[in-house]
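Peer 1: Residue numbering for the sequence shown follows numbering that gives the first Met the number 0, starting at 0 and increasing by one per position. Each residue gets a CB set at the ideal place from its N, CA and C atoms; glycine is no exception. Values in this document were obtained by computation on a predicted structure and should not be read as measured data. Questions regarding the structure given below will be posed in turn.
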Amino acid sequence: MTPDMISHPKPLLSVLIFTHNSGEVLSDCLSVLRWADEVVIFDKGSNDQTLAIAQQSGATVLIHQSNNPILQYRYALEATQGEWVLLVHPEEIISPQSALRIQQVLSHTLEQNPTAKDTPEGFYLAISRSWMAQTLNHS
Numbered sequence: 000m001t002p003d004m005i006s007h008p009k010p011l012l013s014v015l016i017f018t019h020n021s022g023e024v025l026s027d028c029l030s031v032l033r034w035a036d037e038v039v040i041f042d043k044g045s046n047d048q049t050l051a052i053a054q055q056s057g058a059t060v061l062i063h064q065s066n067n068p069i070l071q072y073r074y075a076l077e078a079t080q081g082e083w084v085l086l087v088h089p090e091e092i093i094s095p096q097s098a099l100r101i102q103q104v105l106s107h108t109l110e111q112n113p114t115a116k117d118t119p120e121g122f123y124l125a126i127s128r129s130w131m132a133q134t135l136n137h138s
């Protein structure tokens with residue numbers, strides 16, 4: 000089963016990506032996030048193709064040029080719809096296995112007890128980053 004085939008009820012998952020002149024890597028990042036309920040791009044005033052790429056993908060695009068990272072995070076988080084937010088850097092690529100695992104955890108949590116206080120508050124996942132045309136794996 001591929002990540003696109005799992006239908007997941009709430010909790011809604013928002014993917015949040017902070018960008019600034021990330022046009023060279025953003026397409027690859029966005030191409031593997033089609034399974035997410037919402038993708039929000041928070042841009043700090045790019046002057047390359049970042050905004051066009053983000054808009055073509057169907058992501059919600061916000062532009063905020065504050066140099067205060069606390070204000071940036073607060074504004075961006077308030078703009079997302081999800082109960083869960085996955086923060087992804089534009090050079091990161093979420094693997095199909097990680098996407099599937101995220102959806103399984105969210106679906107399982109909701110099925111077991113949607114109001115339980117002992118539901119997970121977060122989890123770790125493996126990511127890949129592209130750098131200088133090379134893929135770097137992290138966990």
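Could you tell me the alpha carbon to alpha carbon distance between Pro68 and Val87, rounded to whole angstroms?
Peer 2: Stepping through the sequence shown from its first residue, residue 68 is reached at position 69. Stepping through the sequence shown from its first residue, residue 87 is reached at position 88. Near 15 Å, if we compare the C-alpha coordinates of Val87 and Pro68.
Peer 1: Indicate the three-state DSSP secondary structure (helix, strand or coil) for Thr79 in the structure shown.
Peer 2: Position 80 of the sequence shown, counted from the start, is the residue given in the question as residue 79. Correct three-state label for Thr79: coil.
Peer 1: Pairing CB atoms from the region 77 to 86 with CB atoms from the region 48 to 58, are three or more of them under 8 Å?
Peer 2: Contact fails: fewer than three Cβ-Cβ distances are below 8 Å.
Peer 1: Can the beta-carbon of Thr18 be found closer than 8 Å to that of Ser45?
Peer 2: Taking the sequence shown and counting its residues from 1, one reaches residue 18 at position 19. Taking the sequence shown and counting its residues from 1, one reaches residue 45 at position 46. It is a contact, given that the beta carbons lie within the stated cut-off.
Peer 1: Below 8 Å on the Cβ atoms is my guess for Gly81 versus Leu11; work out the distance and round it to an integer in Å.
Peer 2: Here residue 81 refers to the residue found at position 82 when the sequence shown is read from its first residue. Here residue 11 refers to the residue found at position 12 when the sequence shown is read from its first residue. Sure, about 4 Å apart at Cβ, within 8 Å.
Peer 1: Relative to the C-alpha of His63, which residue among Ile40, Leu99, Ala51 and Asp47 is closest?
Peer 2: Taking the sequence shown and counting its residues from 1, the one referred to as residue 63 is at position 64. Of Ile40, Leu99, Ala51 and Asp47, the residue nearest in Cα terms is Ile40.
Peer 1: From Glu77 to Leu61, what does the alpha carbon distance come to, in whole angstroms?
Peer 2: Stepping through the sequence shown from its first residue, residue 77 is reached at position 78. Stepping through the sequence shown from its first residue, residue 61 is reached at position 62. Taking the straight line joining both Cα atoms gives about 12 Å.
Peer 1: Hey, Leu25 and Pro89 are a contact pair by Cβ (cut 8 Å); roughly how many whole angstroms apart?
Peer 2: Mapped onto the sequence shown, residue 25 falls at position 26. Mapped onto the sequence shown, residue 89 falls at position 90. So it is a contact: roughly 5 Å between Cβ atoms.
Peer 1: Looking only at its chain, what residues have a beta carbon closer than 6 Å to the beta carbon of Ser21, apart from the 5 residues adjacent to it on each side?
Peer 2: Along the sequence shown, one-based indexing puts residue 21 at 22. Within the same chain, Ser21 has close Cβ partners Thr49 and Pro89.
Peer 1: Check the DSSP bridge columns for Ser52 and list the partner residues they point to.
Peer 2: Start at 1 with the first residue of the sequence shown, and residue 52 comes out as number 53. In the sequence on display, residue 52 carries Ile and not Ser. BP columns for Ile52 are empty, so no partner.
Peer 1: In whole angstroms, what separates the C-alpha of Ala75 from that of Arg100?
Peer 2: Taking the sequence shown and counting its residues from 1, the one referred to as residue 75 is at position 76. Taking the sequence shown and counting its residues from 1, the one referred to as residue 100 is at position 101. For Ala75 and Arg100, the distance between alpha carbons rounds to 25 Å.
Peer 1: For the beta strand (DSSP E) holding Glu37, just list the boundary residues, first then last.
Peer 2: Against the sequence shown, residue 37 aligns to sequence position 38. First-last of the beta strand (DSSP E) with Glu37: Glu37 to Asp42.
Peer 1: Using CA coordinates, which residue listed in Asp42, Asp47 and Ile93 is at the minimum distance from Gln71?
Peer 2: Counted from its first residue, the sequence shown places residue 71 at position 72. That would be Asp42, whose Cα lies nearest to the Cα of Gln71.
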